[in-house]
Structure formats: C-alpha cells, structure tokens
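Let me begin by presenting the structure, written as structure tokens, before commenting on it.
Residue numbers (this note's numbering): 27 to 497.
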C-alpha cells in the first residue's frame, strides 16, 4: 500500500514539475561532464563543452554508428516526443544545434547557434549506439539566454600600494568563442585581446596591463567595455565595468602655512598649519623648531598656535603607516618696535619762528597804515580850519550826545531848522564864493536835527539862533 502511494506521488510531481529528475531514471548507464549552468546572449551562440562516459558494464560498439541526441525539459522523451529537439543523424532539427565533438572519442561538445530567449531551458544528452540506448538524466544542463551581455570583470593582482608592480586585467565571458567580444579600456589604446580556455572548458576573453603603482594612480577610474557581435556580426551589444584604484602611499606634498603671513611683532599670536596627502590618511603631524643644538619638537597636531617671543625656523613632519614626509622650512622673523626720535623737532621750531615773524610784520603794517590815514575827528577839524570863529565854536559845541539827539528828530523839524539858520549874515568876507559854499555845506551836515519824536527841542527861532551866536 505504501509503495503504491509513493508511485502516485512521483507521478504527480513529474506532471507538475517537468524538470524533476526521476529517481528511477537517474540510475542511468550514461554520464556527461559539462557545466551545470551556462549563460548565453541572444543573437549569438553557445559553446557547450561536453564529454560522456558509460557504465563499466556497457561499452560503445565502434562498428556501429553513434548518435547524439539533445532533449529539453524532461528526459522521458518517449512520453514527450516534442522534447527531442536535436538528433545528430537528422538533417533538419527543431533547434539550431550541432555536435562538434567526436562521439567515438566520447566527446559530445555541441554548438548551440542563433539563440533566442525562448531557448532558456533545461537540457539532457542521450547516446544511441545499438544496443546501447542511454540518457544522462542525472546530469541536466541549465541554459539561460539573455538579451543583455554580462558586464566584464576587472581584477588586480598584487598589493595595491605605491612602488609595487601589479597586473590589472579585464575579462569577459565568451560563451561563443566563434564570435568573441572585443574588449577596450581606459588604461591603454588597442589592447591585445586574448581568448583563454577555462578549467571547465568554457572560454574567456581578456586584456591586461602590468605597471608600477604610484600615488598618482590613487583614485584612478578604470573603465572596461565588452562589445559582443550578434546576428552574425551585423549588430553589437555592449557592456562595461568601472573600478576605482585605491592605492596606499606615504604622505606626499607636505607643506606649511602661517597666519598672519607677515608683520610678526613680539607677543603677537601666530598660527602654523600643516597639510599633506596620504592613503591611509596622515595619522600624526609633528612640529619642530630648529636650533643650534638640532631640531626640537615643540608641538603635535595639524595646527600649532603660540605667542611670538623670538624668531625661528619651523617645519612639520606628516606620518602614516607607510612612511613620513618633512615639509619645507618656514622662517619666522620678529619685527622690532619703532624707537622714538630723540632729535629736536627742527621742523616745528622753524615753523614757529616763521609764524611769530609773520605776526610781527602784520602788526607793524597795521600800525603804519593807521599812522598814514588820520581819524575822522582829525579830518573834520581840517575841513573847518580857516572858517570864522562862530563856525568853529559851533562845530566844537556839538557834542556826541547832542548829535545823537538831533539824529532822532523828525523830518519836518529838519526842514524848518534849515530854513531858520542863515549863516550868510554872520560869516566874514570870503576870498571867493566857492569857499563860502563849502562852509555852508559842511555846516549843514553838522546841524542835522534828530528825528526822534520823544526828544524835546526848542521851537522858538530865537532859542535856536542863540545856540550859534558868536561869543
């Protein structure tokens, strides 16, 4: 009862999983050696390396024809006759395959051409050499047909650090050695493409370059392209790969800088900084100051700040796991403070003397000008000199206070007074009429009556006349 149930289970599984290898058929008398999985490019071909062997109890009859057969999906082709896709004895087959190996020498190598994605499947190999009829059901081959080519592979042999010789190679799978890919890369132009056979008898196309690494190669991007011919060379499908070199090297380009860059006075603060490139990065910066007894370590770290006490020569050393490098010297010179000038200020002294002399000259000039031009009172006296005693007495009797009062008199009073005073009756005989006219005009200017209404002045003709009466 249990045996029947197991058989029913096996039949059920085989119906729903056609790639399932049946335990009862795996005890075959035929075995093949081929990669279990292979990938190919649509439009190209697939080279299937294959060798077979039979059970020790069986042997091939060399006097009979040996036929190679390929079956897809299920090794039980008698039950699924459409699964038989290739028979070497037939001229026409459903799949474009051909056995290139010598079956008499147990070589079942096959070329699968004009691939399409529908050819992705599991395949079984079968030998027919009557009376031997055997299928290698225990050694299925899984073929995957892709529309895009696989990316090439970039490999580096050796330690990737400066001063070390390394070989960098780019390789691409070559499922169809009859139409291999063409490899190119950024390391060199027109490299030699070499097709190599692998241990499993598949093929690989490769290019390579050997050189000595330096720090300049660190961060270098290497791009390799593989161009596959398809459709009998009328088209190409390309894939590429990029890899960045990570080269280890000791510190390089170590340099120092100072801030401020100049004008270093005593007790001023300066900042020294050190920079360097390295891979791995710099692990330590050490500052030294040169002296007569040799270099003295003064600080650790990328930056060194201190107050200036004197000049000196400084430098730094950058270190990582691969080595160290010393920077160039940086000269620090302290500027001396400016001393005050002890010499007498001749410029200021001369300027002061010149200023004093100029002031004296101005004073003298003013005094001289005043002495040359008489005052208004002296001028008035000269104008009335020679006139009669009455006119002189009248001019002298006009005080400043009276003149101020007369200036405030009204315009009407001025006209009346002018008509009342007649100097022609009292002046002596003149030598000429011109002198009399001048005296009258001068006296008129001095007898101007004040215009102020508040000021009280005599209105009587006699009173005004009495003021100018001769003594």
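A virtual CB, placed ideally from N, CA and C, is assigned to each residue, including glycine.
Pull up the DSSP beta-bridge partners for residue 498, would you. Nothing about residue 498 can be read from this structure; the chain reaches only from 27 to 497.
Going by CA-CA distance only, name the one from 90, 80, 73 that's closest to residue 127. By 1-based counting over the chain shown, the position of residue 127 is 101. The residue with the shortest Cα to Cα distance from residue 127 is 73.
Using 10 angstroms around the beta-carbon of residue 188, count the other beta-carbons present and answer buried if the total reaches 16, otherwise exposed. Taking the first residue of the chain shown as 1, we reach residue 188 at position 162. So residue 188 ends up on the buried side.
Taking residue 232 and residue 195 to be in contact with their CB atoms under 8 Å, please state how far apart those CB atoms are, rounded to whole angstroms. For this step, residue 232 is matched to residue 206 along the chain shown. For this step, residue 195 is matched to residue 169 along the chain shown. The C-beta separation of residue 232 from residue 195 comes to about 6 Å, placing the pair in contact by the 8 Å criterion.
When we look at the beta-carbon of residue 180 and count the other beta-carbons within 10 Å, is it buried (16 or more) or exposed? Here residue 180 refers to the residue found at position 154 of the chain shown. It is buried - the Cβ of residue 180 has at least 16 other Cβ atoms within 10 Å.
Are three or more beta carbon pairs between the segment 271 to 282 and the segment 290 to 310 nearer than 8 Å? yes
Taking the CB atoms as reference points, tell me whether residue 355 and residue 339 lie closer together than 8 Å. As a first step, residue 355 must be located in the chain shown, where it is residue number 329. As a first step, residue 339 must be located in the chain shown, where it is residue number 313. The answer is yes: Cβ separation under 8 Å.
Excluding the five sequence neighbours on either side, which residues of its own chain have a C-beta within less than 6 Å of the C-beta of residue 14, listed in chain order? A query on residue 14 cannot be resolved here, the shown segment of the chain reaching from 27 to 497 and no further.
Straight-line gap, residue 461 to residue 395 (C-alpha atoms, nearest Å): Counting from one through the chain shown, the residue named residue 461 turns up at place 435. Counting from one through the chain shown, the residue named residue 395 turns up at place 369. Unreliable positioning characterises residue 461 in this predicted model, as indicated by a pLDDT of 45, which lies under 50. A coordinate reading is not provided.
Do the segment 228 to 247 and the segment 285 to 294 meet, that is, are 3 or more Cβ pairs less than 8 Å apart? no
Would you tell me roughly how many angstroms separate the C-alpha atoms of residue 30 and residue 253, rounded to the nearest one? Residue numbering aside, residue 30 sits at position 4 when the chain shown is read from its first letter. Residue numbering aside, residue 253 sits at position 227 when the chain shown is read from its first letter. Any reading at residue 30 is ruled out, since the residue's pLDDT is 42, under 50, leaving its predicted position unreliable.
If you follow the beta strand (DSSP E) that residue 322 is in, where does it begin and where does it stop? Counting from 1 along the chain shown, the entry for residue 322 is found at position 296. Counting along the chain, the beta strand (DSSP E) containing residue 322 begins and ends at 322 to 326.
Are the segment 144 to 159 and the segment 97 to 115 touching by the rule of at least three beta carbon pairs closer than 8 Å? yes
If distances are taken between C-alpha atoms only, which option among 203, 285, 182 comes closest to residue 71? Here residue 71 is taken as the residue at index 45 of the chain shown, counted from 1. It is 203 whose Cα lies nearest to the Cα of residue 71.
Run of the beta strand (DSSP E) containing residue 255, from where it starts to where it stops: Position 229 of the chain shown holds residue 255. Per DSSP, residue 255 belongs to the beta strand (DSSP E) from 247 to 256.
Complete runs of the beta strand (DSSP E) confined to the segment 165 to 232 [at least 3 residues]: 167 to 172, 179 to 183, 191 to 199, 208 to 211, 220 to 223
Along the beta strand (DSSP E) that carries residue 145, what are the first and last residues, could you check? Reading the chain shown from its first residue, position 119 is the one you call residue 145. Careful: residue 145 lies outside any beta strand (DSSP E) and carries neither H nor E.
Let me confirm a value: residue 199 is counted as buried when at least 16 other C-beta atoms fall within 10 Å, else exposed. Which label applies? The sequence position of residue 199 within the chain shown is 173, counting from 1. Burial call: buried.
Apart from the five residues on each side of it in sequence, which residues of its chain come closer than 8 Å, Cβ to Cβ, to residue 350? Walking along the chain shown from the start, residue 350 turns up at place 324. Excluding residues within five positions, the ones whose Cβ falls inside 8 Å are 276, 277, 343, 344.
Taking the alpha carbon of residue 125 as the point to measure from, which residue in 118, 223, 267, 134 has its own alpha carbon closest? Working through the chain shown from its first residue, we reach residue 125 at position 99. Among 118, 223, 267, 134, the Cα nearest to that of residue 125 is on 134.
Within 10 Å of its beta-carbon, does residue 207 have 16 or more other beta-carbons around it, so buried, or fewer, so exposed? Within the chain shown, the letter at position 181 stands for residue 207. When all chains shown are included, residue 207 counts as buried.
Could you work out which residue in 312, 68, 222 is closest to residue 140 when comparing CA atoms only? What you label residue 140 is simply residue 114 of the chain shown in a count that begins at 1. Per the Cα distances, 68.
I need the straight-line Cα distance from residue 138 to residue 222, nearest angstrom please. By 1-based counting over the chain shown, the position of residue 138 is 112. By 1-based counting over the chain shown, the position of residue 222 is 196. Each residue's alpha carbon lies about 20 Å from the other.
Between the CA atoms of residue 310 and residue 324 - distance to the nearest angstrom: Reading the chain shown from its first residue, position 298 is the one you call residue 324. Reading the chain shown from its first residue, position 284 is the one you call residue 310. Roughly 14 Å separates the two Cα atoms.
Measure the alpha-carbon distance for residue 32 versus residue 100 and round it to whole angstroms. Position 6 of the chain shown, counting from 1, holds the residue named residue 32. Position 74 of the chain shown, counting from 1, holds the residue named residue 100. For residue 32, the predicted model reports a pLDDT of 39, less than 50, meaning its position is unreliable; a value from the coordinates is still stated below. Residue 32 and residue 100: Cα-Cα distance of roughly 20 Å.
Report the rounded CA-to-CA distance for residue 257 versus residue 241, giving the unit in angstroms. Reading the chain shown from its first residue, position 231 is the one you call residue 257. Reading the chain shown from its first residue, position 215 is the one you call residue 241. Computed Cα separation, rounded: 45 Å.
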